[in-house]
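Engineer: Attaching a single structure in structure tokens format; questions to follow.
Chains as they are written, first to last, in our numbering: chain A, 6 to 249; chain B, 578 to 858.
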């Protein structure tokens, strides 16, 4: 921080890159005026909605792929192909279909996260030991809903958790990109507005906010959740070592 | 009528581009209610295949498998299998694992937990009800798998080399406990093993299977009184007979395997390869 501030003063970056103090000031101003807070809440609202949608949609699709061979054969490669398309590439379509509004942003954010989730869910099911379904069958689950809810879903949970984490990162990316080009209230829009008026302190401030929220969510929520799942399933390396 | 009736069953498995492997050919077997029957034989004799047919995991190509006169249509809680691996669900505690089959029957939670707990006590795992499978040793997991099978009171218990992955001491204790549980419950047990001594210690009847194709080679009644000792002269005599049978089968398998390997090595080049080598220069 000190080095940053010192470099700013020595090299005279001027307005092109803000100093640490300026950034902190921008953050404080943003919070006190409620502008930044509003933007954060708006963005969080969008991402949580899209993310939840993507996780549910992706999981269902993934299970469909794993369950029906012909679906996998016909559409499997499509998902892989879609996953390689940056979701922002869909924005022109989204704008044509929905207009330059929240729906368009939510649409591309959801698309950005869904395919990863689909692949994770598919892998999760395909990696289930065949012995599980045999054991379930002989214990009377049948081959329908009960098998799915009581064995397939919990059995693929470790893979699903990994998928959720990656999907979250993808969703953040897509969201920011979408918001940059969109109007209204949000972190991406704040970035764009700040660029228009040359407020580099605010730009950096938003970048940091995005990084912090992303990391905090990943660390506090997903990672600890994933670790708990792994420990419970006996997949965590530390836990195994401690038993010996 | 016998409880399990296997009637002229054949089953083959397709192999990549080779001719299908005939795992069982025209096999007949009847198992009376309440008996403990072991299937022994070299690997590839189809003993696990036969068990899977009884369990309903596989269908025969021809012939029929009848349980109490009913054709086996699929796996079901009247014929529970204990696999070589415990196959417990890692996301459930032991008591929930054991109660899983009861849950499928719609037994109330409090009731099924009580029953599962009771069954865990019967296999000496009462203290570990709240543990997850990965926290237990191999032998404990296998006990839990047995408890999970017994708690739903299946008519028939099918065991596919259940102790093969365990160390000798654990195996010994589990054999004793299984015998005790079986004597108490009087259920039919079909027990697949490649361990002759294990088969003789536990069974009323040992079915020796031969290979290429899989079929029944010998059917022996073990009349020695229980509890049995491995040194019982009756058992020692039977062991020798079975050993001889298996030695014959093993020789056959080896011959076939070596022949086969030789064949493979020869066919690595296409038949015309010798002629065409260098012909393009």
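C-beta: ideal position from N, C-alpha, C; glycine also. None of these values were measured; they are calculated from a predicted model.
Interface residues of chain B around residue 166 of chain A at Cβ under 8 Å?
Structural biologist: Near residue 166 of chain A there are no residues of chain B at all, since even the closest Cβ is about 12 Å away, more than 8 Å.
Engineer: Is DSSP giving residue 97 of chain A helix, strand or coil here?
Structural biologist: helix
Engineer: According to a CB-to-CB cut-off of less than 7 Å, which residues of the stretch 670-694 of chain B neighbour chain A?
Structural biologist: 677, 678, 681 and 682
Engineer: Quick check on residue 659 of chain B: buried or exposed, where buried means 16 or more other Cβ atoms within 10 Å of its Cβ?
Structural biologist: buried
Engineer: Which first and last residues belong to the beta strand (DSSP E) in which residue 592 of chain B is found?
Structural biologist: 581-592
Engineer: Which one or two residues does DSSP pair with residue 766 of chain B in a beta bridge?
Structural biologist: B:613 and B:734
Engineer: Comparing the C-beta of residue 128 of chain A with each C-beta of chain B, is any distance below 9 Å?
Structural biologist: no
Engineer: Apart from the five residues just before and just after residue 670 of chain B, which ones in its own chain have a Cβ nearer than 8 Å to its Cβ?
Structural biologist: 706, 707, 708 and 709
Engineer: Taking Cβ positions, are residue 182 of chain A and residue 113 of chain A nearer each other than 9 Å?
Structural biologist: Judged by beta-carbon spacing, residue 113 of chain A lies within the 9 Å limit of residue 182 of chain A, meaning their Cβ atoms are closer than that value.
Engineer: State the Cα-Cα distance for the pair residue 750 of chain B and residue 160 of chain A, rounded to the nearest angstrom.
Structural biologist: 31 Å
Engineer: Assuming residue 786 of chain B is part of the beta strand (DSSP E), what are its boundary residues?
Structural biologist: 782-787
Engineer: Would you list, in sequence order, the uninterrupted alpha helix (DSSP H) runs of no fewer than 4 residues that lie entirely inside the stretch 166-237 of chain A?
Structural biologist: 192-201, 205-221 and 229-237
Engineer: May I ask which residues mark the beginning and end of the beta strand (DSSP E) holding residue 55 of chain A?
Structural biologist: Here residue 55 of chain A belongs to no beta strand (DSSP E); instead the alpha helix (DSSP H) covers 40-72.
Engineer: What residues of chain B sit near residue 6 of chain A, judged by a beta carbon separation below 8 Å?
Structural biologist: Within 8 Å Cβ-Cβ: nothing; residue 6 of chain A doesn't reach chain B, min ~45 Å.
Engineer: At what residues does the alpha helix (DSSP H) containing residue 138 of chain A begin and finish?
Structural biologist: Annotation: the continuous alpha helix (DSSP H) that includes residue 138 of chain A extends over 135-143.
Engineer: Would you call the stretch 69-79 of chain A and the stretch 87-96 of chain A touching, i.e. three or more CB-CB distances under 8 Å?
Structural biologist: no
Engineer: How many angstroms separate the CA atom of residue 776 of chain B from the CA atom of residue 611 of chain B?
Structural biologist: 16 Å
Engineer: Does DSSP classify residue 639 of chain B as helix, strand or coil?
Structural biologist: strand
Engineer: Check residue 658 of chain B in the structure and name its three-state DSSP category.
Structural biologist: DSSP places residue 658 of chain B in the strand class (E or B) of the three-state scheme.
Engineer: Could you spell out where the alpha helix (DSSP H) holding residue 107 of chain A opens and where it closes?
Structural biologist: 107-131
Engineer: In the DSSP assignment, find the alpha helix (DSSP H) that holds residue 649 of chain B and state where it starts and stops.
Structural biologist: No alpha helix (DSSP H) holds residue 649 of chain B; DSSP gives it neither H nor E.
Engineer: Contact between the stretch 630-639 of chain B and the stretch 777-795 of chain B is defined here as three or more beta-carbon pairs at a separation below 8 Å; is this criterion met?
Structural biologist: no
Engineer: For residue 608 of chain B, does the three-state DSSP call read helix, strand or coil?
Structural biologist: Looking at residue 608 of chain B - three-state DSSP - the assignment turns out to be strand.
Engineer: Buried or exposed for residue 233 of chain A, going by 16 or more other Cβ atoms inside 10 Å?
Structural biologist: With a 10 Å radius around the Cβ and a threshold of 16 neighbouring Cβ atoms, residue 233 of chain A comes out exposed.
Engineer: I'd like to check one pair, residue 664 of chain B with residue 23 of chain A: are the Cβ atoms closer than 9 Å?
Structural biologist: Contact check for residue 23 of chain A against residue 664 of chain B fails: the beta carbons are separated by 9 Å or more.
Engineer: Specify the secondary structure class of residue 845 of chain B as computed by DSSP and reduced to three states.
Structural biologist: Because the pLDDT of residue 845 of chain B is 48, which lies under 50, any placement of that residue in the model is unreliable, and the number read from its coordinates should be weighed accordingly. Of the three classes helix, strand and coil, the one that applies to residue 845 of chain B here is coil, per DSSP.
Engineer: Rounded to whole angstroms, what is the Cα-Cα separation between residue 228 of chain A and residue 171 of chain A?
Structural biologist: 11 Å
Engineer: Leaving aside the five residues before and after residue 840 of chain B along the sequence, list all residues of the same chain whose C-beta is less than 7 Å from its C-beta, in chain order.
Structural biologist: Only weak support exists for where residue 840 of chain B lies, its pLDDT of 47 falling under 50; the coordinates are left without a value.
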